[in-house]
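What follows is a short report on a single structure.
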DNA sequence: GCGGTTCTTTGACCGGGATCAAGAGCATTT
DNA sequence: AAATGCTCTTGATCCCGGTCAAAGAACCGC
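Residue numbers (this note's numbering), protein chains in the order written: chain F, 19 to 261; chain E, 19 to 261.
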């Protein structure tokens with residue numbers, strides 16, 4: 019059940035193995051020290067909520083180890099899983115940068131270790147080092163691009179196509195040994211969460227999985243998936259260029 | 019057919035009436051001069067494409083007058099309208115800030131006047147004035163919040179509810195005299211474009227309009243809409259707090 | 001005026017997927 | 001082992017909304 023990525027626990031920001039993959043890589047040693055002082059580490063077990071939709075923003079979260087899902091719920095109780103965050107990912111920065119409350123909740127999906135950097139510290143760093151802001155600018159802009167992509171996706175593709183697409187993303191991020199055939203890996207999500215990532219119900223998810231298995235696209239057993247041919251998966255959501 | 023907002027044509031960035039509503043409001047006079055020099059104005063008639071999905075980013079566009087729609091199309095030819103831009107709005111900055119090609123197309127929906135500020139100029143200004151970057155940071159972050167909101171919306175609400183929501187947004191932006199009852203205003207969009215804003219077909223749009231008219235929510239005739247009671251509209255997409 | 005687009009509405013049909021309701025596995029408790 | 005929860009699957013049903021097709025409406029240029 020242990021997740022991929024950093025399994026050694028860093029003592030501080032200087033020794034943090036994820037640092038080069040975070041926005042903080044642009045900080046000077048002096049600034050890193052500030053970051054280190056403005057930081058608190060906490061551990062979460064699956065199901066624990068790290069921050070909650072509607073809460074006022076108390077800083078930016080840095081995932082050191084584990085897996086965190088970002089959920090957004092509407093007034094009727096329906097919810098979707100917007101993102102999965104892996105070690106090295108920053109969370110909650112959207113609310114901070116927009117100067118808004120959190121618009122989504124973050125919840126540990128696996129045992130996770132998270133650093134909270136308080137608002138004042140991030141604000142100081144942002145004012146002090148323009149490169150940090152530009153870094154975030156790029157990050158948020160890319161996110162916006164993906165979000166808009168997703169809007170189009172959801173509006174125009176079937177549940178099956180969206181799931182096929184999700185599978186390719188999950189393979190890309192969570193499969194070890196992507197080069198060997200057939201690809202075989204462990205899903206980091208329950209059926210329910212898979213469903214809420216593509217905006218459908220667990221029932222439809224289950225049926226879709228069954229159908230894709232019949233069609234020989236993939237073999238599912240519990241959370242294990244075997245994909246004989248990635249190209250077949252791509253065909254599911256890419257237009258048939260030929261034929 | 020003339021749109022709201024600035025109808026007087028500014029000669030340059032200094033006299034531009036929209037400036038205070040744009041990101042450029044943080045610029046010094048010296049920087050404004052740079053902006054002025056890096057700018058080219060062009061006029062577009064309805065249907066004209068300002069920039070096209072897949073094109074490499076050639077700068078940031080500033081809408082001076084008119085109405086511009088941002089469209090995103092998938093491989094099958096299905097498309098959705100992501101945004102409507104009004105005078106004072108900036109366009110194409112996402113691609114610029116992300117360092118990517120355009121992921122959507124911008125098309126004039128009404129006769130429009132647009133300034134293009136070239137890449138080099140924006141880059142210089144951004145490097146020179148950190149406040150500009152922070153300004154954009156907030157803007158993009160808010161956009162991201164709305165985009166994620168929309169993802170949830172589309173996944174959980176019916177076509178009718180989504181249209182009711184769209185109507186409230188359009189009233190908010192395009193109705194003159196929002197205080198008087200009943201509200202009466204002109205839609206800035208064709209049926210087809212209304213449909214593509216909520217990710218549905220013109221046929222479904224038409225039927226939804228007919229049904230809402232039967233239910234007394236609103237009266238439609240061509241592009242004119244009369245809404246007797248805004249609260250009824252809100253009820254369509256807000257959960258019934260009291261049965 | 002009249003034919004030609006293009007935009008909008010209406011009709012008929014049907015299928016994807018939500019919903020409701022059981023069952024099937026599987027793990028934990030007592 | 002039986003009982004209690006889980007998550008996941010399966011079945012039956014229904015309806016929203018997409019698709020195809022055609023008829024109106026409105027807006028041209030001529």
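C-beta: ideal position from N, C-alpha, C; glycine also.
Can you confirm whether residue 110(F), when its beta carbon is compared against all beta carbons of chain E, has any partner nearer than 8 Å? no
Quiz prompt | Neighbouring residues, chain E, relative to residue 210(F) (Cβ below 8 Å) | solution = Going along chain E, no residue has its Cβ under 8 Å from residue 210(F), so there is no contact; the nearest lies around 15 Å.
*Where does the unbroken alpha helix (DSSP H) through residue 174(E) begin, and where does it stop?*
148-174
Range covered by the beta strand (DSSP E) that runs through residue 61(E): First-last of the beta strand (DSSP E) with residue 61(E): 57-62.
**Request:** Identify each residue in the region 104-135 of chain F for which the Cβ-Cβ distance to at least one residue of chain E is less than 9 Å, and report them in chain order.
**Result:** 111, 112, 113, 114, 115, 116, 117, 118, 121, 122
For this session: Identify each residue in the region 185-210 of chain E for which the Cβ-Cβ distance to at least one residue of chain F is less than 8 Å, and report them in chain order.
Result: none
ask   = In angstroms, rounded to a whole number, what distance separates the CA positions of residue 188(F) and residue 173(F)?
value = Distance between residue 188(F) and residue 173(F), taken at the CA atoms: about 21 Å.
Note to self: On the CB-based measure, 16 or more other CB atoms within 10 Å of its CB, does residue 182(E) come out buried or exposed?
What the structure shows: Residue 182(E) should be labelled buried.
* Asked: How far does the beta strand (DSSP E) with residue 126(E) in it reach, from first residue to last?
  -> 123-126
Three-state secondary structure (DSSP) at residue 23(F)? Below a pLDDT of 50, predicted positions are generally treated as unreliable, and residue 23(F), at 40, falls in that range; the measurement from the model is reported next regardless. It is coil, neither helix nor strand.
Quiz item: How far does the beta strand (DSSP E) with residue 249(F) in it reach, from first residue to last?
Solution: In the DSSP assignment, residue 249(F) falls outside any beta strand (DSSP E) and lies within the alpha helix (DSSP H) extending over 248-255.
- prompt: Got a sec: is the Cβ-Cβ distance from residue 174(F) to anything in chain E below 8 Å?
  reply: Yes, residue 174(F) lies at the interface with chain E (some Cβ there is under 8 Å from its Cβ).
Evaluate residue 93(E) with the Cβ neighbour count: other Cβ atoms within 10 Å of its Cβ, from every protein chain shown; 16 or more gives buried, anything less gives exposed. exposed
* **4-residue-minimum alpha helix (DSSP H) runs that sit fully inside the region 163-239 of chain F, ordered along the chain** => 177-192, 209-215, 220-232
| field | Nearest-angstrom Cα separation, counted from residue 205(F) out to residue 41(E) | value | The alpha-carbon atoms of residue 41(E) and residue 205(F) are separated by roughly 43 Å.
message: Suppose you measure from the CA of residue 37(E) to the CA of residue 62(E); what does that come to, to the nearest Å?
response: Between residue 37(E) and residue 62(E), the C-alpha separation is close to 20 Å.
Notebook entry, point to check: How big is the Cα-Cα spacing for residue 108(F) and residue 201(E)?
Noted result: 45 Å
Apart from the five residues on each side of it in sequence, which residues of its chain come closer than 7 Å, Cβ to Cβ, to residue 122(E)? Taken in chain order, the residues that qualify are 71, 88, 89, 90, 100.
In chain order, what residues of the same chain have a beta carbon less than 7 Å from the beta carbon of residue 144(F), not counting five sequence neighbours either side? 150, 151
Report task. Report buried or exposed for residue 244(E), applying the criterion of at least 16 other Cβ atoms within 10 angstroms of its Cβ. Result -> exposed
Exercise for the section: Within 10 angstroms of the Cβ of residue 58(F), are there 16 or more other Cβ atoms? Answer buried if so, exposed if not. Expected result: exposed
| query | Under three-state DSSP, which class holds residue 118(E)? | reply | In the structure shown, residue 118(E) sits in coil (DSSP, three-state: anything other than H, G, I, E or B).
One question on the structure: do residue 147(E) and residue 49(E) come within less than 8 Å of each other, judged by their Cβ atoms? yes
* **residue 110(F) beta carbon less than 8 Å from that of residue 126(F)** => no
message = Can you pull the chain E neighbours of residue 254(F), defined as C-beta to C-beta under 8 Å?
response = Within chain E, no residue comes near residue 254(F); the closest Cβ sits about 13 Å away, beyond 8 Å.
* To do: Could you check what DSSP says for residue 43(E) in three-state terms: helix, strand or coil?
  => helix
Q. Would you say residue 94(F) faces chain E, with C-beta separation under 8 Å as the test?
A. yes
Exercise for review: Output yes or no for whether 8 Å exceeds the beta carbon distance between residue 137(E) and residue 75(E).
Suggested key: Pairing residue 137(E) with residue 75(E) gives a Cβ-Cβ distance under 8 Å.
**OP:** Quick one: using the 10 Å Cβ neighbour count with 16 as the cut-off for buried, is residue 194(E) buried or exposed?
**Re:** exposed
I'd like to know whether the C-beta of residue 79(E) is nearer than 8 Å to at least one C-beta of chain F. Closer than 8 Å to the CB of residue 79(E) there is not a single CB belonging to chain F.
Residue 69(E) - containing beta strand (DSSP E), residue span: From DSSP, the beta strand (DSSP E) with residue 69(E) extends over 67-69.
Quick one, are the C-beta atoms of residue 60(E) and residue 155(E) less than 8 Å apart? Between residue 60(E) and residue 155(E), the CB-CB gap reaches or exceeds 8 Å.
Starting from the Cα of residue 128(F), find the closest Cα among 230(F), 84(F), 77(F), 46(F) and give me that residue. 84(F)
Following the continuous beta strand (DSSP E) through residue 102(E), name the residue where it begins and the one where it ends. 97-103
In whole angstroms, what is the alpha-carbon distance linking residue 56(F) and residue 139(F)?
-> 6 Å
| request: Output the distance between the C-alpha atoms of residue 46(F) and residue 52(E), rounded to the nearest integer angstrom. | output: 31 Å
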